[in-house]
Amino acid sequence: EVQLVESGGGLVQPGRSLRLSCAASGFSFGDYAMSWFRQAPGKGLEWVGFIKSEAYGGTAHHSASLKDRFSISRDDSKSSVYLQMNSLKTEDTAVYYCVRDENFLSGNDYDYWGQGTLVTVSS
Amino acid sequence: DVVMTQSPLSLPVTLGQPASISCRSSQSLVYSDGDTYLNWFQQRPGQSPRRLIHKVSNRDSGVPDRFSGSGSGTDFTLKISRVEAEDVGVYYCMQSTHWPKTFGQGTKVEIK
Numbered sequence: 548e549v550q551l552v553e554s555g556g557g558l559v560q561p562g563r564s565l566r567l568s569c570a571a572s573g574f575s576f577g578d579y580a581m582s583w584f585r586q587a588p589g590k591g592l593e594w595v596g597f598i599k600s601e602a603y604g605g606t607a608h609h610s611a612s613l614k615d616r617f618s619i620s621r622d623d624s625k626s627s628v629y630l631q632m633n634s635l636k637t638e639d640t641a642v643y644y645c646v647r648d649e650n651f652l653s654g655n656d657y658d659y660w661g662q663g664t665l666v667t668v669s670s
Numbered sequence: 213d214v215v216m217t218q219s220p221l222s223l224p225v226t227l228g229q230p231a232s233i234s235c236r237s238s239q240s241l242v243y244s245d246g247d248t249y250l251n252w253f254q255q256r257p258g259q260s261p262r263r264l265i266h267k268v269s270n271r272d273s274g275v276p277d278r279f280s281g282s283g284s285g286t287d288f289t290l291k292i293s294r295v296e297a298e299d300v301g302v303y304y305c306m307q308s309t310h311w312p313k314t315f316g317q318g319t320k321v322e323i324k
């Protein structure tokens with residue numbers, strides 16, 4: 548069974564940093580890209596970024612509006628993907644989802660989602 | 213960025229009746245390989261999104277056959293043939309053809 552379990556969320560003050568983790572199981576992690584999405588309270592879904600598997604170079608792409616502050620990385624030996632968030636703002640308050648993706652577009656993207664972890668940015 | 217526009221944003225439906233959600237993109241979603249990467253997601257209250265449909269009309273495993281997707285180019289539709297109570301939630305279309313990936317605003321389906 549595919550499982551994606553996010554952790555690391557919580558309450559953080561504006562301007563501080565936070566690192567989210569996502570532990571994957573139930574599939575061959577190294578064969579898949581991974582993505583992060585977020586959803587502000589009562590709002591819609593927003594793509595945060597994407598990272599290819601290490602076998603394909605581990606290259607990451609981030610939302611243009613977030614790339615100066617957010618950074619995705621992964622460790623295929625630990626079947627884990629991370630989201631480093633710096634200089635957090637109140638508008639970054641959201642549930643952050645870890646999602647299975649694909650290295651090359653074929654229609655098998657976003658088929659599994661984690662349960663999400665809530666990040667609240669407030670003083 | 214590709215803008216995805218859904219309508220309606222709110223959809224009250226009687227149990228057992230059909231429902232239809234429209235999704236329009238600001239540019240064609242046909243990729244260089246000839247396929248169209250348009251997904252539909254369901255988000256039930258308090259749950260994570262779940263993919264229902266990929267590449268316009270391909271139903272995901274475990275998705276009831278009352279859900280169907282159709283469309284081409286810039287104009288897409290999600291249909292529920294007979295709405296059941298478990299279908300309550302918000303439905304999003306999302307395009308994967310272009311970077312960045314973008315979603316529609318969401319359509320809230322509720323029972324009358």
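Line order of the protein sequences matches chains W and H. Residue numbers 548 to 670, in this note's numbering, belong to the letters of the first sequence in order. Residue numbers 213 to 324, in this note's numbering, belong to the letters of the second sequence in order. The beta carbon of each residue, even a glycine, is placed where N, CA and C say it ideally should be.
Q: From the DSSP output, in three-state form, read off W:Gly-596 for me.
A: Here W:Gly-596 sits in strand by DSSP.
*Taking 7 Å as the CB-CB limit, is H:Ser-260 close to chain W?*
yes
**Asked** Anyone know if the C-beta pair for H:Ile-265 and H:Thr-319 falls short of 7 Å?
**Response** no
- I think W:Ser-568 touches W:Tyr-629, with their Cβ atoms under 8 Å apart; what is that distance to the nearest whole Å? 5 Å
Near-chain H residues of the stretch 607-618 of chain W - C-beta to any C-beta below 8 Å
His-608, Ser-610 and Ala-611
- At 3 residues or longer, and completely inside the stretch 577-646 of chain W: list those beta strand (DSSP E) runs for me, N to C. 581-586, 592-598, 607-609, 617-622 and 627-632
_Cβ of H:Arg-263 within 7 Å of any chain W Cβ_ = For H:Arg-263, at least one C-beta of chain W is nearer than 7 Å to its own C-beta.
Return the chain-ordered ranges of every beta strand (DSSP E) run that is complete within the stretch 235-279 of chain H and spans a minimum of 3 residues. Within the stretch 235-279 of chain H, the complete beta strand (DSSP E) runs of at least 3 residues are 250-255 and 262-266.
TODO: Name, please, each residue of chain W whose Cβ falls closer than 7 Å to the Cβ of H:Ser-308.
DONE: Leu-652 and Asp-656
- Message: Less than 7 Å between CB atoms is the rule here; does H:Gly-318 satisfy it with respect to chain W?
- Response: Yes - at least one Cβ of chain W is within 7 Å of the one on H:Gly-318.
Query raised in the report: W:Glu-553 lies in the beta strand (DSSP E); which residues open and close that run?
Result: 550-554
key: Between the CA atoms of H:Met-306 and H:Tyr-249 - distance to the nearest angstrom   = 8 Å
For the stretch 638-655 of chain W against the stretch 597-612 of chain W, are there 3 or more C-beta pairs whose distance is under 8 Å? Enough Cβ pairs lie closer than 8 Å, so yes.
Check: Would you report the Cα separation of W:Val-666 and H:Asp-247, rounded to the nearest angstrom?
Finding: 36 Å
* Asked: Given that a residue counts as buried once 16 or more other Cβ atoms are within 10 Å of its Cβ, and exposed if not, what is W:Asp-639?
  -> buried
inquiry  = Is it the case that the stretch 283-302 of chain H contacts the stretch 235-244 of chain H, given that we only count it when at least three CB pairs across the two stretches are under 8 Å?
reply    = yes
Could you pull the start and end residues of the beta strand (DSSP E) that H:Asp-287 belongs to?
Per DSSP, H:Asp-287 belongs to the beta strand (DSSP E) from 287-292.
(Q) Can you confirm whether W:Trp-677, when its beta carbon is compared against all beta carbons of chain H, has any partner nearer than 7 Å? (A) Nothing about residue 677 of chain W can be reported from this structure: the residues present for chain W run from 548 to 670 only.
Q) Under a CB-based cut-off of 7 Å, is W:Gln-662 close to chain H? A) yes
Let me confirm a value: H:Asp-277 is counted as buried when at least 16 other C-beta atoms fall within 10 Å, else exposed. Which label applies?
exposed
Quick check: the Cα distance between W:Ser-634 and W:His-608, rounded to an integer number of angstroms? Those two C-alpha atoms are separated by around 19 Å.
- Query: For H:Glu-296, which three-state DSSP category applies?
  - Reply: coil
* Asked: With respect to the beta strand (DSSP E) encompassing W:Glu-649, which residues constitute its N-terminal and C-terminal limits?
  -> No beta strand (DSSP E) contains W:Glu-649, which DSSP labels as neither H nor E.
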